[in-house]
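Before any comments, here is the structure.
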Amino acid sequence: MKQNACIAGAAMTRFGKYLDRSLKSLAHEAIRGALRDARMDASALQAAWVGNAGAGVLSGQVCVPGQVILRDMGIGGIPVINVENACASSATAFQQACSMVSLGAHDIVLACGVEKLYSEDKQKVFSVFSGGIDIEKNDQLLAEIEDKLARSGLNADMGGAGKNRSLFVDIYVSWALDHMNRYGTTREQLAAVSAKNSLHGSLNPCAQYRDVLTVEDVLSAREVVWPFTLPMCSPIGDGAAALIIVSEKKARELGMKRMVKVEAASLSSGYDYDDDTHNEPPRTGAAVIYDEASIGPDELDCVELHDASAISEIMYYEYLGLCADGAGGEFVEAGHSALGGKLPVNTSGGLMRKGHPVGATGAAQLVELVWQLRGEASARQVENARLALAENGGGYIGRDVAALALTILKSAA
-15 MKQNACIAGA
-5 AMTRFGKYLD
5 RSLKSLAHEA
15 IRGALRDARM
25 DASALQAAWV
35 GNAGAGVLSG
45 QVCVPGQVIL
55 RDMGIGGIPV
65 INVENACASS
75 ATAFQQACSM
85 VSLGAHDIVL
95 ACGVEKLYSE
105 DKQKVFSVFS
115 GGIDIEKNDQ
125 LLAEIEDKLA
135 RSGLNADMGG
145 AGKNRSLFVD
155 IYVSWALDHM
165 NRYGTTREQL
175 AAVSAKNSLH
185 GSLNPCAQYR
195 DVLTVEDVLS
205 AREVVWPFTL
215 PMCSPIGDGA
225 AALIIVSEKK
235 ARELGMKRMV
245 KVEAASLSSG
255 YDYDDDTHNE
265 PPRTGAAVIY
275 DEASIGPDEL
285 DCVELHDASA
295 ISEIMYYEYL
305 GLCADGAGGE
315 FVEAGHSALG
325 GKLPVNTSGG
335 LMRKGHPVGA
345 TGAAQLVELV
355 WQLRGEASAR
365 QVENARLALA
375 ENGGGYIGRD
385 VAALALTILK
395 SAA
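Counting in my numbering, the sequence shown runs without a single skipped number right up to 397 at its last residue.
Pasting the structure below:
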């Protein structure tokens, strides 16, 4: 669908550990910041989409988190749509909000994502991630992963999956071993992703972790499951991000000068496919959105992608057409995805350094790209950034992502 939506305001909290703050307080900070950025009052909002994945498990706030958040800000009466779609929750909220604006249902709306994952009860935290699969097939999935790791020569302790670490770590380890065996990707190249993102994150005031790591630092860090060390995995986190979306007509009426155009915004789900078809959901999703925006990957200036692990970033270079299949490790090792490189990726620090408060992640990716396209990213600014892509996946069913949101943004300058 052709988009008729622009981003007028964008803001986020710093991601981190906020045991002393509520879900509402984090959301309020981001929403108020986005309204200030758009130079609007909350009374202008005609509808809101609020993304969250874990509140029902961690705090018991089910059914109406969006209404609860907004009512305490004096916002009522308008439609409020609660969106739960795993790690793609707020990217889904954004896509749905843009679609309704483009269809002419509203002129000014809010898309927000918020999450509080830190808890004294770690089992509750892990259960949020464990729910991102088909739980009726949990034992089958664990057996399949264990078999895959064994065939790669790794005798992994699957007893810890979902108990002392996220189940997704083991899924990503299986991806990494497959990529290493198939293409010769090295552990040093995995570490290069983490080191690169640590440099970018050090330049981002909103990032959860701002220390700079070398490849050697990453390799010598605590091992989680071989070949991953801790910095190769995204952390949990708390935080919120929000965007004010307006129709092009309303933007003209209000004389907005700092808006960013939504060129394309897609939402899809995973499906079954054969190994030898190269029809992985992210690959086909990328082809669709490039076609919708009438561009190719070579025209992009910067990308925010879902680096839930180091191998995730390398694989998504390939799925998104940023490099050839099997060349993702070389792409990062050569510096192509770093600031100053051919195509900077995850200038925010990515999930690994900016943080990964699940329900807020997709919206935060878009906030970063808005800042880049406005030229407001300070020390991590990509020179002359005009066209950007965000990729945000969530959940895992079968052998791949359950939900996939892709967005292409364009500078209006």
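Using N, Cα and C, we set each Cβ at its ideal position, and we do this for glycine too. Every value quoted in this text rests on a predicted model; they were computed, and no experiment measured them.
Contacting residues, own chain, Cβ-Cβ under 7 Å from residue i (five flanking each side not counted)
i, result
"Asp132", "Checking the sequence shown, residue 132 turns out to be Lys, not Asp. Closer than 7 Å at the Cβ level, and outside the excluded window around Lys132, lie Ser158."
"Met299", "Trp159, His163 and Gly312"
"Leu161", "Leu133, Ser136 and Leu138"
"Leu197", "Ser178, Ala179, Ser182 and Pro215"
"Leu3", "Tyr102"
"Val208", "Arg149, Val153, Leu214 and Cys217"
"Arg364", "His184, Leu187, Asn188, Leu323 and Thr331"
"Asp105", "none"
"Cys82", "Gln(-13), Ala(-11), Ile229, Val246 and Ala249"
"Asp256", "Gly382"
Distance between beta carbons of residue j and residue i, contact taken as under 8 Å
i, j, result
"Ala292", "Gly346", "The Cβ separation is near 12 Å, so there is no contact."
"Cys190", "Met(-4)", "6 Å"
"Ala226", "Leu353", "Contact doesn't hold; Cβ gap of about 14 Å is too wide."
"Glu302", "Leu289", "Between Leu289 and Glu302 the Cβ distance is about 11 Å, and since that is not below 8 Å, they are no contact."
"Leu357", "Phe78", "No, Leu357 and Phe78 are not in contact; Cβ-Cβ is about 15 Å, not under 8 Å."
"Glu(-12)", "Ser231", "Here the sequence assigns Asn to residue -12, which means Glu is not the residue at that position. 6 Å between Cβ atoms; contact."
"Val67", "Gln80", "7 Å"
"Gly269", "Ala72", "Contact doesn't hold; Cβ gap of about 11 Å is too wide."
"Leu29", "Ile62", "6 Å"
"Phe315", "Leu323", "With a Cβ gap of about 15 Å, Phe315 and Leu323 do not count as contacting."
"Ala75", "Gly50", "16 Å between Cβ atoms; not a contact."
"Ile(-9)", "Val246", "7 Å"
"Asn188", "Ser332", "5 Å"
"Leu284", "Leu238", "29 Å between Cβ atoms; not a contact."
Member of the options whose CA lies at the smallest distance from the CA of residue i
i, options, result
"Val52", "Leu42, Ser6, Lys106 and Asn376", "Ser6"
"Ala89", "Val196, Ile229, Gln124 and Leu289", "Ile229"
"Asp222", "Val287, Lys233, Ala311 and Ala348", "Ala348"
"Pro211", "Gly312, Ile155 and His340", "Ile155"
"Leu335", "Glu264, Ser253, Ile295 and Leu357", "Ile295"
"Val46", "Leu54, Asn36 and Arg55", "Asn36"
"Arg23", "Lys100, Asn122 and Ala235", "Ala235"
"Asp282", "Leu371, Gly333 and Val202", "Leu371"
"Ala344", "Met(-15), Gln30 and His12", "His12"
"Ile59", "Ala134, Asp123 and Ile15", "Ile15"
"Cys286", "Ile273, Ile392 and Val64", "Ile392"
"Gly108", "Asn(-12), Ala39 and Val272", "The sequence given here places Lys at residue 108; Gly does not occur at that position. Per the Cα distances, Ala39."
"Met57", "Thr268, Lys8 and Trp33", "Lys8"
"Leu304", "Leu327, Gly324, Ala271 and Ser332", "Ala271"
"Gln192", "Lys338, Glu317 and Val48", "Lys338"
"Ile119", "Val177, Ser395 and Gly379", "Gly379"
"Phe110", "Ile220, Glu360, Glu237 and Arg267", "Ile220"
"Ala70", "Ala32, Ser86 and Gly115", "Gly115"
"Gly416", "Asp25, Glu99 and Ser83", "Because residue 416 is not part of the residues shown, which for the chain are -15 to 397, the question remains open."
"Lys1", "Asn330, Gly280, Ala224 and His262", "Ala224"
"His262", "Ile117, Ala308, Ala127 and Cys(-10)", "Ala308"
"Val85", "Leu251, Arg194 and Lys233", "Lys233"
"Val34", "Asp25, Leu54, Ser27 and Ser362", "Leu54"
"His340", "Lys121, Arg206 and Val112", "Val112"
"Ile279", "Ala361, Gly359 and Leu373", "Leu373"
"Leu87", "Ala397, Met(-15) and Glu375", "Met(-15)"
"Thr169", "Ser27, Glu128, Glu317 and Ile117", "Glu317"
Same chain only: Cβ atoms within 6 Å of residue i, ignoring 5 sequence neighbours per side
i, result
"Tyr167", "Gly310"
"Gly254", "Pro265, Ile381, Asp384, Val385 and Ala386"
"Gly325", "Gly319"
"Gly42", "Note that residue 42 is Leu in the sequence shown, not Gly. Answer for Leu42: Ser103 and Lys108, listed in chain order."
"Val48", "none"
"Ala205", "Thr213, Leu214 and Pro215"
"Ala369", "Asp285, Cys286, Gln356 and Leu357"
"Asp201", "none"
Neighbourhood of residue i by C-beta, 8 Å cutoff - its chain only, sequence neighbours within 5 removed
i, result
"Leu203", "Arg171, Glu172, Ala175 and Thr213"
"Ala248", "Gln(-13), Ile273, Glu276, Ala277, Leu390, Thr391 and Ile392"
"Asp25", "Leu19"
Residue i beta carbon near the ligand NAP (any heavy atom closer than 7 Å)
i, result
"Val85", "For the ligand NAP, the structure offers nothing, since it holds no ligand at all."
Can you list the alpha helix (DSSP H) stretches of 4 or more residues lying completely in the region 42 to 77, in chain order? 49 to 55
Inside the region 318 to 396 only - alpha helix (DSSP H) runs reaching at least 4 residues: 334 to 338 and 342 to 358
Using a Cβ distance threshold of 8 Å, determine whether the region 236 to 243 contacts the region 178 to 194, with at least three qualifying pairs required. Not touching, per the Cβ criterion.
Contact between the region 93 to 110 and the region 2 to 22 (3+ Cβ pairs under 8 Å): yes
Contiguous alpha helix (DSSP H) assignments of at least 4 residues, all confined to the region 165 to 235: Runs of the alpha helix (DSSP H) spanning 4 or more residues and lying entirely within the region 165 to 235 occur at 171 to 186 and 199 to 204, in chain order.
Inside the region 108 to 142 only - alpha helix (DSSP H) runs reaching at least 4 residues: Within the region 108 to 142, complete alpha helix (DSSP H) segments of at least 4 residues are found at 122 to 135, given in chain order.
Taking only runs that begin and end inside the region 248 to 316, name each unbroken beta strand (DSSP E) of 3 or more residues, in chain order. 286 to 288
Uninterrupted beta strand (DSSP E) stretches inside the region 11 to 36 (no shorter than 3 residues): 31 to 35
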